[in-house]
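Only one structure is covered here, and it is reproduced in the block below.
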Amino acid sequence: MKTNLQIILLCLIVGISQSPGRGLSAETQINDEALASPKKQVVQVIQAAIQLRPREPGAFESVSVNLDLENVTASEITITGYDIDAVDEAVMTINGNEIGLPPEIIADMGGSTVTFPLPLTVLKQGNNEIGFLFSKAVGGTSGFAIYDLKVVLHRQ
Ligand SMILES: [Ca+2]
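According to the numbering used here, the sequence shown holds residues 37 to 192 in order.
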């Protein structure tokens with residue numbers, strides 16, 4: 037019994053001593069991630085969904101993102117699309133350059149996340165415009181949405 041009580045007390049003490057450290061623990065995780073990949077920067081492009089649904093074909097929405105390309109050697113884009121029924125339903129442009137979406141983005145009435153490399157030639161130092169066009173009402177669809185958009189920059 038005494039041993040059990042000691043264990044319970046020990047657990048309580050450990051629990052209490054760890055609670056104020058939760059913030060530190062989260063910070064450590066970020067540091068660990070940074071250490072694991074110190075040259076990778078994830079730039080969150082949108083805070084709210086880009087809604088092109090319900091819309092008519094021809095509808096276009098764009099967002100601007102400020103990028104520091106100094107020492108950047110490679111980049112990727114991560115997109116979470118919603119209800120993109122075919123790759124020719126949604127056309128993405130970056131600074132006016134059309135970037136084809138991979139077929140993995142296709143999800144009828146659902147969401148799908150894709151990550152793929154971006155040619156550095158389409159990006160520029162400072163403000164970049166990322167646009168989405170509701171290009172074709174494939175199968176009579178009323179459009180699509182972009183729920184998340186991130187640009188990943190790798191530096192050497
Ligand atoms: Ca659709």
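A virtual CB, placed ideally from N, CA and C, is assigned to each residue, including glycine.
Please read these numbers as outputs of a predicted model, since none were measured by experiment.
DSSP links Lys160 through a beta bridge to no other residue.
Counting along the chain, Ile113 sits inside the beta strand (DSSP E) bounded by residues Val108 to Tyr118.
Here Phe96 is exposed: its Cβ has fewer than 16 other Cβ atoms, across all protein chains shown, within 10 Å. At the C-beta level, Asn133 and Val158 come within 8 Å of one another.
In the pairwise beta carbon analysis, the stretch 109 to 124 is classified as touching the stretch 135 to 150: at least three pairs are separated by under 8 Å. Straight through space, the alpha carbons of Asn102 and Glu165 are spaced by roughly 9 Å. Of the heavy atoms belonging to ligand 1, none sits nearer than 7 Å to the Cβ of Thr157. Put simply, the backbone Cα of Thr114 is about 27 Å away from that of Gly176. With fewer than 16 other CB atoms across the displayed protein chains lying within 10 angstroms of its CB, Val78 is exposed. Under the DSSP assignment, Thr177 falls outside any beta strand (DSSP E); it carries neither an H nor an E label. Buried is the label assigned to Glu125, since at least 16 other Cβ atoms lie within 10 Å of its Cβ. The Cβ atoms of Phe180 and Arg89 sit closer than 8 Å to each other. By the 16-neighbour rule on beta-carbons within 10 angstroms, Gly117 is buried. Taking a C-beta distance under 8 Å as the contact criterion, Leu185 and Val81 qualify as a contact pair. DSSP places Ile141 within a helical segment (H, G or I) once states are collapsed to three.
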